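Engineer: Residue numbering for the sequence shown follows the working numbering, starting at 7 and increasing by one per position. We put the CB at the ideal spot given by N, CA and C, even for glycine. Fair warning: this is a prediction, and the values are worked out from it, not measured in the lab.
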Amino acid sequence: MTTKERYSFVIDYFLKNNPTPQTELNYNSPFELLVAVVLSAQCTDKRVNLVTPALFTKYKSSKELAAANFEDIFYLIKSISYPNNKAKHLIGLSQKIEKDFNGSIPNTIEDLQTLPGVGRKTANVIVSVLFNQAAMAVDTHVFRVSARIGLTKQAKTPLACEQQLTKHIPQNYIAIAHHWLILHGRYVCLARQPKCNECPFTTCCLFYKRINQSKLSSM
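#1: Would Y19 and P206 qualify as a contact pair, given that the criterion is a beta-carbon distance under 8 angstroms?
#2: How many angstroms separate the CA atom of M225 from the CA atom of C202?
#3: So, with DSSP's three-state summary, where would you put C210?
#4: Determine the burial state of S85: buried for a count of at least 16 other Cβ atoms within 10 Å of its Cβ, exposed for fewer.
#5: Contact check, V131 vs V43 under 8 angstroms by CB: the rounded distance?
#6: Apart from the five residues just before and just after H185, which ones in its own chain have a Cβ nearer than 7 angstroms to its Cβ?
#7: For Y88, which of Q177, D117, S46 has the nearest alpha-carbon?
#8: Specify the secondary structure class of V151 as computed by DSSP and reduced to three states.
#9: Taking the continuous alpha helix (DSSP H) assigned at Y19, which residues delimit it?
#10: Go to G4, then tell me how far its alpha helix (DSSP H) extends in each direction, as first and last residue.
#11: Please report the residue range of the alpha helix (DSSP H) in which E70 lies.
#12: Starting from the N-terminal side, write out each stretch of the alpha helix (DSSP H) that is 4 residues or longer and does not extend beyond the segment 71-105.
#13: At which residues does the alpha helix (DSSP H) containing P164 begin and terminate?
#14: Using three-state DSSP, classify F107 as helix, strand or coil.
#15: Whole angstroms are fine: how far does the CA of A140 sit from the CA of V38?
#16: For a test of the three-state rule: what should DSSP assign to C202, helix, strand or coil?
#17: Taking a contact to mean a Cβ-Cβ separation below 8 angstroms, would you say A129 touches I111 in this structure?
#18: Can you say whether K22 is buried or exposed, counting buried as having 16 or more other CB atoms within 10 angstroms of its CB?
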């Protein structure tokens, strides 16, 4: 199977079986999504969704969070990974949004990355989800799944993975392909024990081919 055929197979499957994937983070405004994505770094969406209701009830906007007390934010997010840094980031990004962007979430990757705590992955999530731009956020799930299936080859960094994916995925599918790959990695193509028996991509997956060949050679 060629790379082009592999991409077509994967995209066709997802279009038929999950045509409108969504982020699993709970939010009710662009600002809430930004906060949730920043909190989700090296943390599960499930944990973030347990924490954000109380945070969003007390701080409903960047203006309110910009004036927040560090200790208050830390207390509300203390069960999240790296709460000390993330509390500082939330206050800092809120202050910059108020000062430099008139209280609105920036709509470019470049501007978003000027916010404290916002790297390229977070910026890509925001522009793809909020502004429907053709941006591919690469987290550990996307990186792993892409390499295993064979959508990427010898991509050593998230940026290299992103560049290979966006080269081959049609532009109008890039934003949702991010969700496809994340969800597949979260529930099927697990890091330690992938559920290959439940996977629809075994006919095109290079990882599955390798492990089967390994089993045969050891018999």
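Structural biologist: Put simply:
#1: yes
#2: Interpretation of M225 is limited by its pLDDT of 47, a score under 50 that renders its predicted location unreliable; no figure is taken from the coordinates.
#3: coil
#4: exposed
#5: 5 angstroms
#6: P27, Q28, T29
#7: S46
#8: helix
#9: 9-23
#10: There is simply no residue 4 to check, as the chain begins at 7 and stops at 225 in what is shown.
#11: 68-72
#12: 76-83
#13: 164-174
#14: coil
#15: Looking at the sequence provided, one finds Glu at residue 38 rather than Val. Approximately 21 angstroms, taken between the alpha carbons.
#16: helix
#17: no
#18: exposed
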